[in-house]
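Number of protein chains: 2
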Amino acid sequence: MADTAHLTPLVHPARDEMTVEAVLRALADPVRLGIVRQLAAAGTEVACGVLEVPVTKSTVTHHLGILRQAGVVAGRQEGTTRYNSLRRKDLDALFPGLLDGVLAARR
Amino acid sequence: MADTAHLTPLVHPARDEMTVEAVLRALADPVRLGIVRQLAAAGTEVACGVLEVPVTKSTVTHHLGILRQAGVVAGRQEGTTRYNSLRRKDLDALFPGLLDGVLAARR
């Protein structure tokens, strides 16, 4: 039995299960937008602990869950570390321009 | 005194007051998305009464208020009729691609 078996399994919608409403709701929050901006800037996987967010660890976990369930972010567990990445290909395929428009916002 | 003086004045943020969070929040609702899609398809002003929405008139007014306060929609009162239009220029200038990405969504 893997030593990560006690962790909640990560839920990811398939591309054809994603909806624009859920994506918009997921993005419409300052903390989650901050996370998305950092993942976009990184362009690669980012461990939870490396994300700069003005909230507690459990609140980050909550926000990452919302982003993941909407299909905005993919999570990958490796040992005790959780890595997060932006599902840019899926977002760009379903809603071309949306993510770039959000990232272009100055405020 | 105009006969529309009893109506609530319409509040519109200037372009530099608009935020991506408020716009995303405004768009993240099925009724409001439906209104935005209709205004985009019309490409011109649409009277409230012409909008096809599965809600009561007062609920439409509520949703249009949220869209207006976020800067997504502009309202114009003429007599007893209120006309609505999409602030596409402002949205495209601030968040290029966002609106088109949302409108491209199949669900």
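Residue numbers (full-length UniProt numbering), protein chains in the order written: chain U, 1 to 107; chain G, 1 to 107.
For glycine and all other residues, C-beta sits at the position ideal for the given N, C-alpha and C.
Keep in mind the model is a prediction, meaning the values are calculated, not measured.
- Query: Interface residues of chain U around G:Arg68 at Cβ under 7 Å?
  - Reply: In the second sequence, the residue the question calls residue 68 of chain G occupies position 68. Result: empty, since nearest Cβ-Cβ is about 17 Å, beyond 7 Å.
Taking only beta-carbon atoms, is G:Arg25 less than 8 Å away from chain U?
The residue you call residue 25 of chain G lines up with position 25 of the second sequence. Judged by the 8 Å Cβ criterion, G:Arg25 is in contact with chain U.
Tell me which residues share the same chain as U:Glu52 and place their Cβ nearer than 7 Å to its Cβ, disregarding the 5 neighbours each side in the sequence.
Taking the first residue of the first sequence as position 1, residue 52 of chain U is located at position 52. Hits under 7 Å: Gln38.
For G:Val55 and G:Val20, believed in contact at Cβ under 8 Å, the rounded distance:
Taking the first residue of the second sequence as position 1, residue 20 of chain G is located at position 20. Taking the first residue of the second sequence as position 1, residue 55 of chain G is located at position 55. In fact, because the Cβ distance is near 26 Å, the residues do not count as touching under 8 Å.
- Please determine, among U:Gly43, U:Val36, U:Gly79 and U:Ala42, the residue with the shortest C-alpha to C-alpha distance to U:Val60. Looking up residue 60 of chain U in the first sequence gives position 60. Looking at the Cα atoms, U:Val36 is the closest of the given residues.
Does any residue of chain U bring its CB to less than 8 Å from the CB of G:Ala105?
The residue you call residue 105 of chain G lines up with position 105 of the second sequence. Yes, its Cβ sits closer than 8 Å to a Cβ of chain U.
Rounded C-alpha distance that separates G:Thr4 from G:Gly79 = The residue you call residue 4 of chain G lines up with position 4 of the second sequence. The residue you call residue 79 of chain G lines up with position 79 of the second sequence. Below a pLDDT of 50, predicted positions are generally treated as unreliable, and G:Thr4, at 49, falls in that range; no measurement from the model is reported.
> What is the residue span of the alpha helix (DSSP H) that G:Thr59 lies within?
Replying inline: The count along the second sequence starts at 1 and reaches residue 59 of chain G at position 59. Its alpha helix (DSSP H) spans residues Lys57 to Ala70.
Next on the checklist: Tell me the rounded alpha-carbon separation between G:Asn84 and G:Gly97.
Outcome noted: As a first step, residue 84 of chain G must be located in the second sequence, where it is residue number 84. As a first step, residue 97 of chain G must be located in the second sequence, where it is residue number 97. Approximately 22 Å, taken between the alpha carbons.
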